[in-house]
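This report concerns only the one structure given below.
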Amino acid sequence: MGAGVSGGLRARGGLSVWVANIRSMSAKRPKVPSELRRRVLIEAGHRCAIPACKTTPVEIAHIIPWSKTRKHEFKNLIALCPTCHTRFDDPHGSIDRKAMRQYKANLNPLLSVGLRNREGQAALLAAYQELRARFADWVPAEVQHAAAKSRRSSSLKEVADLRSQSVHKFSWAMCAVLDFQSAWKDSEASDLVGSILYHVAGWSDEVHDAPFPLPKETRQRDIAEEISEASTELHLMVCEELSM
Ligand SMILES: [Zn+2]
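Mapping of the sequence shown onto this note's numbering: residues 1 to 244, in sequence order.
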């Protein structure tokens, strides 16, 4: 009997620990504040944010799981219907995080920014737009240079011309980065822009320094793909900052 009582106590102890864990888990994960929830729903028009779906009802999903960020942040939240939410949460599913971030970025084309909201917002946006334009000019030029240097049939003159075009465009991209950083001061966005620039510039140097034709490992790098996630991240940071 004694064993039965102590067994019962152990079970109760076990259960109360379990309940306490559940309580502390929910205490650690606060609800998405209603104002933030509303913003996320409005962003997607109160429908599933996947354009071809647009189903209702919707749930609020974390793009990077809450267990990793421990925060509810607008840039990391997206409205999804239960079916898309389940597909996204399935680690073997076809909707990966990168795709989901792209869906989120597509909801924020920066066209609806109210520029009178805050002083300096227009300058921040202009610096970002200039940066995008300069990168959109420079990165493909560098890709073209690398492609030409990969082909045995290219002449050295052709490679050199494409290199000089890319260097010229790099100098414009560099100016845009400096302007961006002076407008955005010490922000995460400034740091990220710096790392994107150095990532592409590093690759550009590698292409330039490599023998002709380019060795396989340099030839096969997909620089646009390498920076695509950071570019999406940057876009979301900018949207977050400007839509406050
Ligand atoms: Zn859906």
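Backbone N, C-alpha and C define an ideal beta-carbon position, used for all residues, glycine too.
For GLU241, three-class secondary structure by DSSP: helix
Other residues of its chain near HIS46: CB distance less than 8 angstroms, five sequence neighbours each side excluded: THR56, VAL58 and ALA79
Residue environment, LEU124, which counts as buried when at least 16 other CB atoms sit within 10 Å: buried
Near ligand 1: THR56 beta-carbon under 6 angstroms from a heavy atom: no
Cβ-based burial, HIS168 [other Cβ within 10 Å; buried from 16]: exposed
Near ligand 1: ILE63 beta-carbon under 6 angstroms from a heavy atom: no
Rounded straight-line distance, which links the Cα of THR232 to that of GLY194: 15 angstroms
ILE95 Cβ short of 6 angstroms to ligand 1 heavy atom set: no
Every unbroken beta strand (DSSP E) within the stretch 51-102, with a cutoff of 3 residues, ordered by chain: 59-62 and 77-80
Cβ distance (whole Å) where ALA146 is taken to contact LEU214 below 8 angstroms: 7 angstroms
For LEU178 and ALA230, believed in contact at Cβ under 8 angstroms, the rounded distance: Contact doesn't hold; Cβ gap of about 18 angstroms is too wide.
Which of helix, strand or coil DSSP assigns to PRO109: coil
Within 7 angstroms, strictly: CB atoms of TYR103 and VAL238: no
Spatial distance of ARG39 from PRO65 (CA atoms): 19 angstroms
Which of helix, strand or coil DSSP assigns to SER187: coil
Boundaries of the alpha helix (DSSP H) in which LEU214 is found, first to last residue: From DSSP, LEU214 is part of no alpha helix (DSSP H); its letter is neither H nor E.
Within 7 angstroms, strictly: CB atoms of ILE60 and ARG37: yes
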